[in-house]
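J.:
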Amino acid sequence: MRPRPPVPGRGILSGTGLIITGLTATLVALIVPIWSYADRSGTGLDVLNAETVSTEYGPLSGLDRDFITKVRLAGLWELPAGQQAQRKGGTAAVQTAGEHLVEGHTFLDERVRDVAAKLSLALPNEPNEQQRQWLGVLDSAEGAEYDWQFANLLRLAHGKVFSVVAQVRASTRNTLVRELADDANTTVLDHITVLEATGYVDFDALAREMAAGNTPPLTRSPAPPGPVTDPSPAIPVTPSPVPTPSYPLPPAASRPQES
49 MRPRPPVPGR
59 GILSGTGLII
69 TGLTATLVAL
79 IVPIWSYADR
89 SGTGLDVLNA
99 ETVSTEYGPL
109 SGLDRDFITK
119 VRLAGLWELP
129 AGQQAQRKGG
139 TAAVQTAGEH
149 LVEGHTFLDE
159 RVRDVAAKLS
169 LALPNEPNEQ
179 QRQWLGVLDS
189 AEGAEYDWQF
199 ANLLRLAHGK
209 VFSVVAQVRA
219 STRNTLVREL
229 ADDANTTVLD
239 HITVLEATGY
249 VDFDALAREM
259 AAGNTPPLTR
269 SPAPPGPVTD
279 PSPAIPVTPS
289 PVPTPSYPLP
299 PAASRPQES
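Position one of the sequence shown corresponds to residue 49 (my numbering), numbered consecutively onward.
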């Protein structure tokens, strides 16, 4: 049997069909993710609404609850770190920074426990594993190395929590959380300032670690700037006998009366 001659145009039509099929598949692949993302639950306001509960002080979001827990956790390791710096600090400036940490976190810890009690939230009673590792770094360091590790590790930790405090303060709808964020903001800024006053903070290493999103401890810069003697005329302060910070805090606004 003789082979049938090819039909004119059939190859062209087949190739065109393949192209159209490929373009259609590509278009579907582009449209489906957009549709599924816009329509699926678990994004944007869906997450906020799903994680928010009502309280007499206003809505309490998942971010609010996470913030309250982090304030408590910060005190569980930074307060003992401050107490240690008062004993092991090699300069008056490092010892002063330790005193500010003790004073500030004693105040914040009482505040956060009061807020948690009013909102019926459970709080941790021990530092987490990472925080215990940071305390281990400080336990093993001595002399000028201790002063450098203390200033840089605590400064990086406070820098990271600073942005969290700002986010909560800007977005919370709960009056208790808003007031706690105000107190935390003032305390954290004071601690950042007094840690930098030690003269040991390696700002180059700090900038790299913040940009990389890493957690303490830091990797030293090639030429650590930390001094081995008191770098500033900072005078150690005597902790207040009452658990309130020596720096001024704005009075908490009273809750508006409902009409």
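Ideal placement from N, C-alpha and C gives every residue a C-beta, glycine not left out.
For the segment 235-245 against the segment 146-156, do three or more pairs of beta-carbon atoms, one drawn from each stretch, fall closer than 8 angstroms, so that the two count as touching?
T.: Counting Cβ pairs under 8 angstroms, three or more are found: they touch.
J.: How would you label residue 193, buried or exposed, when you count the other beta carbons within 10 angstroms and need 16 or more for buried?
T.: It counts as exposed.
J.: Quick check on residue 101: does DSSP put it in helix, strand or coil?
T.: In this structure, residue 101 counts as strand in the three-state DSSP scheme.
J.: Mapping the DSSP letters down to three states, classify residue 108 as helix, strand or coil.
T.: Reduced to three states, the DSSP call for residue 108 is strand.
J.: Between residue 108 and residue 156, how many whole angstroms is the CB-CB distance? I'm expecting something under 8 angstroms.
T.: The Cβ separation is near 19 angstroms, so there is no contact.
J.: Can you give me the start and stop residues for the alpha helix (DSSP H) that residue 3 sits inside?
T.: In the structure as shown, the chain begins at 49 and stops at 307. Residue 3 is therefore absent and cannot be evaluated.
J.: When DSSP labels each residue in this structure, what does residue 248 get in the three-state scheme?
T.: Looking at residue 248 - three-state DSSP - the assignment turns out to be coil, as it is neither helix nor strand.
J.: Residue 214 by DSSP, collapsed to three states: which one?
T.: Correct three-state label for residue 214: helix.
J.: Indicate whether residue 172 and residue 235 have their beta-carbon atoms separated by less than 9 angstroms.
T.: Cβ atoms of residue 172 and residue 235: not closer than 9 angstroms.
J.: Alpha carbon to alpha carbon, what distance is there between residue 133 and residue 187?
T.: Taking the straight line from one Cα to the other gives about 10 angstroms.
J.: From which residue to which residue does the alpha helix (DSSP H) around residue 177 run?
T.: Per DSSP, residue 177 belongs to the alpha helix (DSSP H) from 177-188.
J.: Short check: CB of residue 138 to CB of residue 224, under 9 angstroms?
T.: No, the pair does not count as a contact, with Cβ atoms beyond the cut-off.
J.: In angstroms, rounded to a whole number, what distance separates the CA positions of residue 121 and residue 249?
T.: C-alpha separation (whole angstroms): 23 angstroms.
J.: Identify whether residue 310 lies in helix, strand or coil by the three-state DSSP scheme.
T.: Nothing can be reported for residue 310: it is not among the residues displayed for the chain, which extend from 49 to 307.
J.: Taking 6 angstroms as the limit between beta carbons, can you name the residues of its chain near residue 115, skipping five residues before and five after?
T.: For residue 115, where only same-chain residues beyond five positions count, the Cβ hits under 6 angstroms are 216.
J.: Can you have a look at residue 135 and say buried or exposed, based on whether 16 or more other CB atoms are within 10 angstroms of its CB?
T.: Result: exposed.
J.: Hey, would you say residue 204 sits closer than 9 angstroms to residue 185, going by beta carbons?
T.: No. Outside cutoff.
J.: Spatial neighbours of residue 99 within its chain, please: CB distance less than 7 angstroms, with the 5 preceding and 5 following residues excluded, ordered by chain position.
T.: Result list for residue 99: 109 and 110, in chain order.
J.: Which of helix, strand or coil does DSSP assign to residue 201?
T.: Helix at residue 201.
J.: Would you check if the distance between the CB atom of residue 232 and the CB atom of residue 213 is smaller than 9 angstroms?
T.: Yes, the Cβ-Cβ distance between residue 232 and residue 213 is below 9 angstroms.
J.: So, with DSSP's three-state summary, where would you put residue 172?
T.: Looking at residue 172 - three-state DSSP - the assignment turns out to be coil, as it is neither helix nor strand.
J.: Grouping DSSP H, G and I as helix and E and B as strand, with all else coil, what is residue 130?
T.: In the structure shown, residue 130 sits in a helix (DSSP, three-state: H, G or I).
J.: How about residue 154: is its Cβ closer than 8 angstroms to a heavy atom in the ligand ADP?
T.: Judged by which ligands are present, the structure shown has none, so any question about the ligand ADP falls away.
J.: How close, in whole Å, do the beta carbons of residue 228 and residue 160 come, if the pair is a contact with beta carbons under 8 angstroms?
T.: Yes, they are in contact, since the Cβ atoms of residue 228 and residue 160 sit about 6 angstroms apart, within 8 angstroms.
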